[in-house]
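Sequence positions in the sequence shown follow mature numbering (1 follows the signal peptide of the UniProt record, and there is no 0) and run -20 to -1, 1 to 588.
For every residue, glycine included, the Cβ atom is placed at its ideal position computed from N, Cα and C.
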Amino acid sequence: MMSYLLFIAVCLVTCVSAHAQCSNTSPCPFKGGDDFIQPEEKSSIDGKLEMTLTVDVSDVTVEWLTFTRRTYNGGWPSPTLRVRAGDQVDILLKNNLGDSQAEGEPNTFRHPNTTNLHVHGLHISPREPQDDVLIEVRPGSEYQHHYELNALQPAGTYWYHAHHHGATYFQVASGLAGLLIVEDEEASMSDQLAAISCPNNCDKEVPMLLGKLLFYGQDALSFPTMQDIMGDIFVLDDIVTDENITLLDWLERNDATQYLTNGQYVPTISMRPGEIRRFRLVNIGPTDMLEMYLEGCEMVVLAFDGVYVDKPYQTEYVFIPDAGRADVAVRCSEAGSYQLISRNAPDQIMSVGSTPVYDGIIATIEVSGEPVEMSFPTSLPERPFFNLDLRGFPDTRIRGRNVVEFGPTPYLNREKMKTGDYFRYKFRTGTVQEWYLVNSDPSVGHPYHVHVNHFQVVAYNRYNGPVASFAPAYYDQQGFLCDQQLEDFDPLEAPEVIPVNLTFLGHETRDRGMAGYVPIGQWRDTIMVPPLASITIRFMADEYPGTCVIHCHFLNHEDVGMMMVTEIVRPWQSIRGAHVTSGGFHPGTCKFFDEWPDVRKNSPAGSI
Ligand SMILES: *[C@@H]1O[C@H](CO)[C@@H](O)[C@H](O)[C@H]1NC(C)=O
Ligand SMILES: *[C@@H]1O[C@H](CO)[C@@H](O)[C@H](O)[C@H]1NC(C)=O
Ligand SMILES: *[C@@H]1O[C@H](CO)[C@@H](O)[C@H](O)[C@H]1NC(C)=O
Ligand SMILES: [Cu+2]
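This is the structure we're talking about:
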């Protein structure tokens, strides 16, 4: 009782005064410091989860600032879904948005009020009524999903989000994203892991949905700009502040582009000295990568993208590209105040290039009270057969090779997204695949994401491929125009010779410890492909046939074209007819096709 009264007394002073003077008409910089809150949770019971996600506009509030966004079930943060391997999950997606949107052109920002749902990272069927992201849920309509989780679905941190091509960036930045956690089976965990995990120690889990949801500013990607492009009406330019400028102008002048954690600005997480907690970090972007540091405390990596690493290991920072996740065990041994921050450390620049990395505080960790004795896990649950080490898998038994080339935005493999039965590659279930991810952009990395199957990182290769220019056109590394160009290449725009900037070339020789590189052998569903880089990945195309979507997870790139559709077929079905090349040329090459061994392996579908 006493402590309750004390709480009220303290709260009267701090809770009210913290943001009391500030409002939409009397704005002030965000203060942060509110107690960390977790999203509401929806958990499966006895192997079943049934729920509705309703998409509509609603008011959301950050400290004193209230504005209107597209949200699930009426606000931020979206509910966290907790499921287990083998579960049956029924989600009714209801789209209550208004029906007055223009049709627009394919591969442009459009359809602000059409939506759909993706369960990011799950090893699951991409066919209706499961994880088919080509489904369109139009304004005023609904879709009943029935997901059957794989019996061997790795336990870990995933997320769900809107994925309608053309509206993905706008809707995810708006708030149509939430955590999706596949809980561990008790028997699979060591005592130390169980001590920081659900189901018995849920109080030790710290789920953090990290996103730059505010996102005001002058540039082309700011939320107000996007609202204008999308024909939206909730732009905050009709609110006049004390300073006699619009609220929108105030937000722009004050550069209100902070990352939020579960919808909060720099919340405070309270821990005891020596206590270990399991942070589940999800970077929903939509523009920045995270390079996270927690000085003064220890961080131990458990998993990336929902897949456990071989053995837990200490780390100074965790790099999380857009859409990536990390499970990290955190301990601060001494009482005090610590900051979880993201910054682009100067010594990491060669692996990251000019890719945007957020610079700012994410959360504060207040450590006080009686010390506790806990130890980090030293072993982790085993991975399922479809995530076993493929590095030693014999070359001769690889049943398909493919190149995914990030060209000048918005091109992926020299073309923009096409729908219908236009497949860029076909492969069979039950095969082991070796793919090459290449990025011809000389300065910016792109986050590659593939649906259905995770992949293992096998090598960072020497990059002999083309260099993209703004024309847009491709040049070789000496600066001569390539023979092989984009589908809609315009020769009048492209000089024969240009100076190319190879500053960020050389990934095969650099220190593998740098932030932008994934340690060889780890599994991911999203990876940053650094500028002028070539990465070899392998994966097993496990049991699920259907369309398999590949895209850049800078969602603004995806919406305007950087996406393509492949098809996974049954073992007895043909893999002919895929549009593997563009205009007869193989992505990833310039004019030195014969000199690039990786690409020679890129036999057209049907010939292997
Ligand atoms: C989208 O839906 C919202 C909410 O119903 C509505 O206010 C808005 O006019 C719609 N926008 C368009 C472009 O259709
Ligand atoms: C507020 O700004 C408007 C538009 O700039 C101007 O017309 C008006 O005089 C200003 N009012 C005051 C009280 O400064
Ligand atoms: C090449 O790119 C680097 C990194 O962006 C930049 O610092 C440098 O000035 C560029 N060099 C030229 C010649 O443009
Ligand atoms: Cu991109």
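| request: Go ahead and label Leu(-16) buried or exposed: buried means 16 or more other beta carbons lie within 10 angstroms of its beta carbon, across all protein chains shown. | output: Your numbering for residue -16 matches position 5 in the sequence shown. Low confidence applies to Leu(-16): its pLDDT is 41, below 50, so where it sits in the model is not reliable, and the reading given next is rough at best. Around the CB of Leu(-16), fewer than 16 other CB atoms lie within 10 Å, so the residue is classed as exposed.
| query | For Cys182, which three-state DSSP category applies? | reply | Counted from its first residue, the sequence shown places residue 182 at position 202. The DSSP-derived three-state label of Cys182 is helix.
| With 16 as the cutoff for other CB atoms within 10 Å, does Met269 come out buried or exposed? | Counted from its first residue, the sequence shown places residue 269 at position 289. So Met269 counts as buried.
| said: Counting C-beta neighbours from all protein chains within 10 Å, is the total for Gly568 16 or more, i.e. buried, or is it exposed? | reply: Residue 568 sits at position 588 when you count from the first residue of the sequence shown. Result: buried.
| From Ile256 to Pro301, what distance separates their C-alpha atoms? | For the purposes of this step, residue 256 is taken as residue 276 along the sequence shown, with counting starting at 1. For the purposes of this step, residue 301 is taken as residue 321 along the sequence shown, with counting starting at 1. One C-alpha to the other measures close to 25 Å.
| request: Note down the Cα distance separating Asn367 from Ser177, rounded to an integer number of angstroms. | output: Within the sequence shown, numbered from 1, the residue matching residue 367 stands at position 387. Within the sequence shown, numbered from 1, the residue matching residue 177 stands at position 197. Rounded to the nearest angstrom, the two C-alpha atoms are 22 Å apart.
| Which of helix, strand or coil does DSSP assign to Ser168? | On the sequence shown, residue 168 is found 188 positions in, with the first residue counted as 1. If DSSP states are grouped into helix, strand and coil, Ser168 belongs with the helices.
| request: Report yes if the C-beta of Met542 is less than 7 Å from at least one heavy atom of ligand 4; otherwise report no. | output: The residue you call residue 542 lines up with position 562 of the sequence shown. Yes.
| query | Which residues in the same chain have their Cβ closer than 7 Å to the Cβ of Val122, if we skip the five residues on either side of it in sequence? | reply | Working through the sequence shown from its first residue, we reach residue 122 at position 142. At residue 122 the sequence reads Glu, which differs from the Val that was named. So the list reads Leu72, Leu73, Lys74, Asn75, once near-sequence residues are dropped.
| task | Starting from the Cα of Thr389, find the closest Cα among Gly425, Val430, Pro357 and give me that residue. | result | Here residue 389 is taken as the residue at index 409 of the sequence shown, counted from 1. Thr389 has its Cα closest to that of Gly425, out of Gly425, Val430, Pro357.
| Would Val42 pass as a contact of Leu261 if the rule is Cβ separation under 8 Å? | Within the sequence shown, residue 42 is the residue found at index 62, counting from 1. Within the sequence shown, residue 261 is the residue found at index 281, counting from 1. Their beta carbons are not under 8 Å apart, which means Val42 does not touch Leu261 by this criterion.
| query | Sorted by chain position, which residues of the same chain lie with C-beta nearer than 6 Å to Ala283's C-beta, five sequence neighbours on each side aside? | reply | Residue numbering aside, residue 283 sits at position 303 when the sequence shown is read from its first letter. Hits under 6 Å: Gly136, Asp307.
| task | Reducing DSSP to helix, strand and coil, say where His141 ends up. | result | Indexing the sequence shown from 1 puts residue 141 at position 161. Of the three classes helix, strand and coil, the one that applies to His141 here is strand, per DSSP.
| task | May I ask you to report which of helix, strand or coil DSSP gives His559? | result | If you number the sequence shown from 1, residue 559 lands on position 579. In this structure, His559 counts as coil in the three-state DSSP scheme.
| field | Exposure of Pro475, with buried meaning 16 or more beta-carbon neighbours within 10 Å | value | Within the sequence shown, numbered from 1, the residue matching residue 475 stands at position 495. With fewer than 16 other Cβ atoms within 10 Å, it is exposed.
| query | CB of His426 to nearest heavy atom of ligand 4: below 7 Å? | reply | On the sequence shown, residue 426 is found 446 positions in, with the first residue counted as 1. Result yes, Cβ under 7 Å from ligand 4.
| said: So the candidates are Val37, Ser202, Gly243, Gly101; which of them puts its Cα closest to the Cα of Pro57? | reply: Within the sequence shown, numbered from 1, the residue matching residue 57 stands at position 77. The option with the nearest alpha carbon to Pro57 is Gly243.
| Is any heavy atom in ligand 1 found nearer than 7 Å to the beta carbon of Ser154? | Here residue 154 refers to the residue found at position 174 when the sequence shown is read from its first residue. Every heavy atom of ligand 1 is 7 Å or more from the Cβ of Ser154, so no.
| task | With DSSP collapsed to three states, give me the class of Glu30. | result | Translated into positions along the sequence shown, residue 30 becomes position 50. Three-state result, Glu30: strand.
| Measuring CA to CA, which of Thr335, Arg518, Tyr318, Leu320 is closest to Pro326? | As a position in the sequence shown, residue 326 is number 346, starting the count at 1. If we check each option's Cα against that of Pro326, Thr335 comes out closest.
| field | Nearest-residue set for ligand 3, Cβ under 5 Å from any heavy atom | value | Asn481, Thr483
| request: Starting from Gln151, follow the beta strand (DSSP E) in both directions and report where the run begins and ends. | output: Numbered from its first residue, the sequence shown carries residue 151 at position 171. Element bounds for Gln151: not the beta strand (DSSP E) but the alpha helix (DSSP H), 148 to 154.
| query | For the beta strand (DSSP E) that Asn75 lies in, which residues bound it at each end? | reply | Translated into the one-based positions of the sequence shown, residue 75 becomes position 95. Segment 68 to 75, the beta strand (DSSP E) holding Asn75.
| said: Taking the beta strand (DSSP E) that Met508 belongs to, which residues open and close that run? | reply: In the sequence shown, residue 508 corresponds to position 528, counting from 1. Where Met508 is concerned, the enclosing beta strand (DSSP E) stretches over 506 to 509.
| Bridge-paired residues (DSSP) for Tyr127 | On the sequence shown, position 147 is the one that residue 127 refers to. According to DSSP, which records beta bridges pairwise, Tyr127 is partnered with Val69.
| said: Taking its Cβ as the centre, do 16 or more other Cβ atoms sit within 10 Å of Phe450, making it buried, or is it exposed? | reply: Taking the first residue of the sequence shown as 1, we reach residue 450 at position 470. By the 10 Å Cβ count, Phe450 comes out exposed.
| said: Along the chain, where does the beta strand (DSSP E) containing Pro427 start, and where does it finish? | reply: Your numbering for residue 427 matches position 447 in the sequence shown. Run containing Pro427: 426 to 430, per the beta strand (DSSP E) assignment.
| field | Where Trp230 falls: helix, strand or coil (DSSP) | value | As a first step, residue 230 must be located in the sequence shown, where it is residue number 250. Reduced to three states, the DSSP call for Trp230 is helix.
| said: What does the Cβ neighbour count give for Thr489, buried or exposed, with the cut at 16 atoms within 10 Å? | reply: Position 509 of the sequence shown, counted from the first residue, corresponds to residue 489. Flag for Thr489 reads exposed.
| query | Using the beta-carbon count (16 or more within 10 Å), is His126 buried or exposed? | reply | On the sequence shown, residue 126 is found 146 positions in, with the first residue counted as 1. Classification for His126: exposed.
| request: Report buried or exposed for Ile321, applying the criterion of at least 16 other Cβ atoms within 10 angstroms of its Cβ. | output: What you label residue 321 is simply residue 341 of the sequence shown in a count that begins at 1. The residue in question, Ile321, is buried, as its Cβ has 16 or more Cβ neighbours within 10 Å.
| Span of the alpha helix (DSSP H), counted from its first residue to its last, around Ile104 | The sequence position of residue 104 within the sequence shown is 124, counting from 1. For Ile104, no alpha helix (DSSP H) run applies, since DSSP gives it neither H nor E.
| Which of the three DSSP states, helix, strand or coil, is assigned to Thr516? | For this step, residue 516 is matched to residue 536 along the sequence shown. In the structure shown, Thr516 sits in a strand (DSSP, three-state: E or B).
| query | Is it the case that the Cβ atoms of Thr248 and Phe16 are separated by a distance below 8 Å? | reply | The sequence position of residue 248 within the sequence shown is 268, counting from 1. The sequence position of residue 16 within the sequence shown is 36, counting from 1. Yes, the pair counts as a contact, with Cβ atoms nearer than the cut-off.
| field | Pairwise C-alpha distance: Leu193 and Pro427 | value | As a position in the sequence shown, residue 427 is number 447, starting the count at 1. As a position in the sequence shown, residue 193 is number 213, starting the count at 1. When rounded, the distance between both Cα atoms is 19 Å.
| message | Can you check whether the C-beta of Arg50 is within less than 8 Å of a C-beta belonging to chain D? | response | The structure shown contains no chain D, having only a single protein chain.
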